[in-house]
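Report on one structure; see the data block that follows.
There are 2 protein chains.
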Amino acid sequence: MSGRLIANLGRNTPLAPEDGAAIEALLGAVRTVPADTELVVDGEGATDCHVLLEGQAFRHKTLPDGRRQIVFFHVPGDLLDLPLVFLDVDYNVASLTMCRVAPVSRAKLADLIEARPRIGRAFWRMSLQEAAIQREWMVGMGRRSAYARVAHLLCEVFQRLQRVDLVQNNRCRFPITQTHLADAAGLSGVHTNRVLQQLRASGLIELRSRELIVRDWNGLAAAGEFDPAYLQARSAPSPALAGPHRAAPGWKPS
Amino acid sequence: MSGRLIANLGRNTPLAPEDGAAIEALLGAVRTVPADTELVVDGEGATDCHVLLEGQAFRHKTLPDGRRQIVFFHVPGDLLDLPLVFLDVDYNVASLTMCRVAPVSRAKLADLIEARPRIGRAFWRMSLQEAAIQREWMVGMGRRSAYARVAHLLCEVFQRLQRVDLVQNNRCRFPITQTHLADAAGLSGVHTNRVLQQLRASGLIELRSRELIVRDWNGLAAAGEFDPAYLQARSAPSPALAGPHRAAPGWKPS
DNA sequence: CGTGAACTTGAGATTTCTCAAGCGGGGTGG
DNA sequence: CCACCCCGCTTGAGAAATCTCAAGTTCACG
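Order-wise, the sequence lines are chains A and B. Number 253 marks the last residue of the first sequence (numbering that gives the first Met the number 0); no jumps. Number 253 marks the last residue of the second sequence (numbering that gives the first Met the number 0); no jumps.
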């Protein structure tokens, strides 16, 4: 269960069993928090980072007058506040569902990253992939229609959930409300609602009562101009590993 | 001259002279390229990263049909393709002016980052700061008006140029055309033009013939809802020092 | 002095927003 | 067990922001 982070890291970078063990050893007492709770608050000088073991969450920046921009959706296995290891965090993280979260000492994590190249590399890749996802969102918000933007977002979340085995039969739990989707896409709630209706009417998805069913993946990807390349979590230098899915060689959650 | 990268890294992380020397030692033969040249092309499996020693450049992602989204502006001292050290790059970089660029072996840079914690930390911070800037752009594109977005962009570029001493008397060279600005803000060229006229009419800026003069910094910052905190001028207390939390609030000329 | 890129301007077309209201289901107190 | 309430969703319609198309105009540069 708490092997989620390791599995996630290991997806892109081969980790030896002792690497996994070293990371696990840093995890503090698991905390369970309800939905709609702020897990990470910026500018709080926290001493711990947070690993999301279970549940879903999102990063957001909220302006003084209440406008909110969601900048990332988290799936299990994500480190919610990697920046905190070396800087301050500039965003908040809130839970979408009940979540299980484990703290990791920021100082110890920094030490581990610096002491073990393989682990360091794994975190570098995780961090750089986040940045790549952010860039893709920028393309969406700057240059794609509302329709494509929402479709793209659905594709991304769906695919990332798929990677952590949270999709069965093209169907997954989907605690992201239309308001969240709107705040992520930079749209109003009303317009987001209309766009979703179009997606439904086109037979691409079903979405209701916190569940998403993708009826036509190719159609949805086309609607969203979704090219999964930017998620392609493969390491360039050591193309030793195969397929995009599965595999965390050398380490299995115990 | 080629100390630019070191100066840039050292701005946030104390580097010892030997660290600087180690980095310098990796720099390859400096290349001079004209304006409007692609410096970095995604998916090319390059073996070298690129340091921008002089000149200005921008990162962009261009869609098949020609729509373009600029995702970052570079100033001297920037590493143009840090992601390449550990992954593939997912964007292109093009020059805005004539540029001087030095190659750095990706493998050697990776080794150096892993071998020297202080250097590694410096690159981590650089990378995380980029990510923070990207998030701020997301907020702009998703939740700010065209007017605020453009003003914010001007503030950011201006301030980053200031840090590398490219501003004198509130005045700097500004090779970013209205079309670039439009592609960065996610606006049409026409609308960007109109927004700039408003900014000029409000007495906030002068902008013509590739030069920007900020006439009213506070006014411009207010128009752009610009809070420099996200640029993280200062490093968070390093875990080793374990000082009380002191988030770098907007820097103030003291 | 010619040329092209960058910048301006005008005006109608679209997308997206805002306001306002109504619907629906699940959770809760009575 | 039922009524009520709240949140998330839906719908309608006018308003606003932004876009596109289509011409000019300016200016650096050869």
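Even for Gly, the Cβ is constructed at its ideal location relative to N, Cα and C. The structure presented is a predicted model; accordingly, all values stated were derived computationally and were not measured.
So, is the C-beta of residue 85 (chain A) closer than 7 angstroms to a C-beta in chain B? Against the first sequence, residue 85 (chain A) aligns to sequence position 86. Output row for residue 85 (chain A): interface = yes.
Looking at residue 39 (chain B) and residue 79 (chain B), is the spacing between their C-beta atoms short of 7 angstroms? The residue given as residue 79 (chain B) occupies position 80 in the second sequence. The residue given as residue 39 (chain B) occupies position 40 in the second sequence. Closer than 7 angstroms, so yes.
Examine chain B for any beta-carbon lying closer than 7 angstroms to the beta-carbon of residue 18 (chain A), and answer yes or no. Residue 18 (chain A) sits at position 19 when you count from the first residue of the first sequence. Chain B contact via Cβ: absent.
When the Cα of residue 172 (chain A) is compared with those of A:193, A:206, A:149, A:106, which residue comes out closest? Here residue 172 (chain A) refers to the residue found at position 173 of the first sequence. The shortest C-alpha separation from residue 172 (chain A) is found at A:206.
So with CB distances below 8 angstroms, who are the chain A contacts of residue 229 (chain B)? Position 230 of the second sequence, counted from the first residue, corresponds to residue 229 (chain B). Near residue 229 (chain B) (Cβ distances below 8 angstroms), the residues of chain A are 89.
Since I believe residue 94 (chain B) is in contact with residue 35 (chain B) (beta carbons under 8 angstroms), could you give me their beta-carbon distance rounded to a whole number of angstroms? Along the second sequence, read from residue 1 onward, the residue named residue 35 (chain B) stands at position 36. Along the second sequence, read from residue 1 onward, the residue named residue 94 (chain B) stands at position 95. Contact flag correct, Cβ pair sits at about 6 angstroms.
According to DSSP, residues forming a beta bridge with residue 323 (chain A): Chain A is shown from 0 up to 253; residue 323 (chain A) falls before or after that span and cannot be answered.
So the candidates are A:24, A:106, A:12, A:6; which of them puts its Cα closest to the Cα of residue 75 (chain A)? For this step, residue 75 (chain A) is matched to residue 76 along the first sequence. Nearest option by C-alpha distance: A:6.
Is the shortest distance between the beta-carbon of residue 24 (chain A) and the beta-carbons of chain B less than 7 angstroms? As a position in the first sequence, residue 24 (chain A) is number 25, starting the count at 1. No, residue 24 (chain A) lies away from the interface with chain B (no Cβ there is under 7 angstroms from its Cβ).
Determine the burial state of residue 8 (chain B): buried for a count of at least 16 other Cβ atoms within 10 Å of its Cβ, exposed for fewer. Position 9 of the second sequence, counting from 1, holds the residue named residue 8 (chain B). Residue 8 (chain B) is buried by the Cβ-count criterion.
Can you tell me the Cα-Cα spacing of residue 218 (chain B) and residue 203 (chain B), whole angstroms? The residue labelled residue 218 (chain B) in the question sits at position 219 within the second sequence. The residue labelled residue 203 (chain B) in the question sits at position 204 within the second sequence. Using only the alpha carbons, I get a separation of about 6 angstroms.
Proximal residues to residue 194 (chain A) (C-beta, below 6 angstroms), its chain only, five neighbours per side dropped: To locate residue 194 (chain A), count along the first sequence from 1; it is residue 195. Only 145, 146, 149 meet the Cβ criterion.
Ignore the nearest five residues each way along the sequence and tell me which others in residue 199 (chain B)'s own chain have a CB closer than 8 angstroms to its CB. The sequence position of residue 199 (chain B) within the second sequence is 200, counting from 1. Here the set comprises 205, 206.
Beta-carbon proximity list for residue 29 (chain B), same chain, < 6 angstroms, skipping 5 on both sides: As a first step, residue 29 (chain B) is located in the second sequence; it is residue number 30 there, counting from the start. Contacts found: 99, 101.
Establish whether the CB of residue 107 (chain B) and some CB of chain A are separated by less than 7 angstroms. What you label residue 107 (chain B) is simply residue 108 of the second sequence in a count that begins at 1. It does not: the Cβ of residue 107 (chain B) has no partner Cβ on chain A nearer than 7 angstroms.
Output yes if chain A places a C-beta closer than 7 angstroms to the C-beta of residue 111 (chain B); else output no. Against the second sequence, residue 111 (chain B) aligns to sequence position 112. Output row for residue 111 (chain B): interface = no.
Start and end residues, beta strand (DSSP E) containing residue 258 (chain A): Here chain A has residues from 0 to 253 only, and residue 258 (chain A) is not among them.
From residue 187 (chain A) to residue 109 (chain A), what does the alpha carbon distance come to, in whole angstroms? The sequence position of residue 187 (chain A) within the first sequence is 188, counting from 1. The sequence position of residue 109 (chain A) within the first sequence is 110, counting from 1. For residue 187 (chain A) and residue 109 (chain A), the distance between alpha carbons rounds to 40 angstroms.
In the DSSP assignment, the beta strand (DSSP E) including residue 32 (chain A) goes from what residue to what residue? Position 33 of the first sequence, counting from 1, holds the residue named residue 32 (chain A). Note, residue 32 (chain A): beta strand (DSSP E), 30–32.
To the nearest angstrom, report how far apart residue 249 (chain B) and residue 224 (chain B) are at their CA atoms. Along the second sequence, read from residue 1 onward, the residue named residue 249 (chain B) stands at position 250. Along the second sequence, read from residue 1 onward, the residue named residue 224 (chain B) stands at position 225. Bear in mind that a pLDDT of 34 at residue 249 (chain B), under 50, signals an unreliable position, so the number given afterwards is only what the model happens to contain. Cα to Cα, residue 249 (chain B) sits roughly 13 angstroms from residue 224 (chain B).
What would DSSP say about residue 144 (chain B), mapped onto helix, strand or coil? The count along the second sequence starts at 1 and reaches residue 144 (chain B) at position 145. Coil.
Exposed or buried, residue 128 (chain B), counting other C-beta atoms within 10 Å across all chains shown (16 or more means buried)? Residue 128 (chain B) sits at position 129 when you count from the first residue of the second sequence. It is buried - the Cβ of residue 128 (chain B) has at least 16 other Cβ atoms within 10 Å.
Mind listing, in chain order, the continuous alpha helix (DSSP H) runs of no fewer than 4 residues lying wholly within the stretch 147–235 of chain B? 177–184, 188–200, 216–222
Alpha helix (DSSP H) segment containing residue 108 (chain A), residue limits: Translated into the one-based positions of the first sequence, residue 108 (chain A) becomes position 109. From DSSP, the alpha helix (DSSP H) with residue 108 (chain A) extends over 105–114.
At the 7 angstroms Cβ level, is residue 66 (chain B) part of the contact set with chain A, yes or no? Here residue 66 (chain B) refers to the residue found at position 67 of the second sequence. It does; some Cβ of chain A falls within 7 angstroms.
Minimum C-alpha distance to residue 165 (chain B) - residue among B:53, B:112, B:104: Here residue 165 (chain B) refers to the residue found at position 166 of the second sequence. Answer by Cα proximity: B:53.
Alpha-carbon to alpha-carbon, residue 221 (chain B) and residue 116 (chain A): The residue you call residue 116 (chain A) lines up with position 117 of the first sequence. The residue you call residue 221 (chain B) lines up with position 222 of the second sequence. Their backbone Cα atoms lie some 44 angstroms apart in a straight line.
By the 10 Å Cβ neighbour count, where 16 or more other Cβ atoms means buried, how is residue 234 (chain B) classified, buried or exposed? For the purposes of this step, residue 234 (chain B) is taken as the residue at position 235 of the second sequence. Its pLDDT being 49, under 50, residue 234 (chain B) is placed unreliably in this model, and the coordinates cannot settle the point.
Identity of the residues DSSP links to residue 37 (chain B) by a beta bridge: Looking up residue 37 (chain B) in the second sequence gives position 38. DSSP lists B:93 as partners of residue 37 (chain B).
Kindly indicate if chain B contains any beta-carbon less than 7 angstroms away from that of residue 137 (chain A). What you label residue 137 (chain A) is simply residue 138 of the first sequence in a count that begins at 1. Cβ-Cβ to chain B under 7 angstroms: yes for residue 137 (chain A).
Step through the CB atoms of chain A and report whether any lies within less than 7 angstroms of the CB of residue 155 (chain B). Translated into positions along the second sequence, residue 155 (chain B) becomes position 156. False, the Cβ-Cβ gap to chain A never drops below 7 angstroms.
From residue 56 (chain B) to residue 169 (chain A), what does the alpha carbon distance come to, in whole angstroms? Along the second sequence, read from residue 1 onward, the residue named residue 56 (chain B) stands at position 57. Along the first sequence, read from residue 1 onward, the residue named residue 169 (chain A) stands at position 170. Each residue's Cα considered, the two are about 42 angstroms apart.
Taking beta-carbon pairs under 8 angstroms, can you tell me which members of the stretch 121–134 of chain A lie near chain B? 123, 124, 126, 127, 128, 129, 130, 131, 133, 134
If you measure beta-carbon to beta-carbon, which residues of the stretch 54–79 of chain B are closer than 7 angstroms to chain A? 60, 62, 66, 68, 70
DSSP on residue 255 (chain A), reduced to helix/strand/coil? Outside the shown range of chain A, which is 0 to 253, sits residue 255 (chain A), and nothing can be said about it.
Taking Cβ positions, are residue 66 (chain A) and residue 84 (chain A) nearer each other than 7 angstroms? Start at 1 with the first residue of the first sequence, and residue 66 (chain A) comes out as number 67. Start at 1 with the first residue of the first sequence, and residue 84 (chain A) comes out as number 85. Going by C-beta atoms, residue 66 (chain A) is not nearer than 7 angstroms to residue 84 (chain A).
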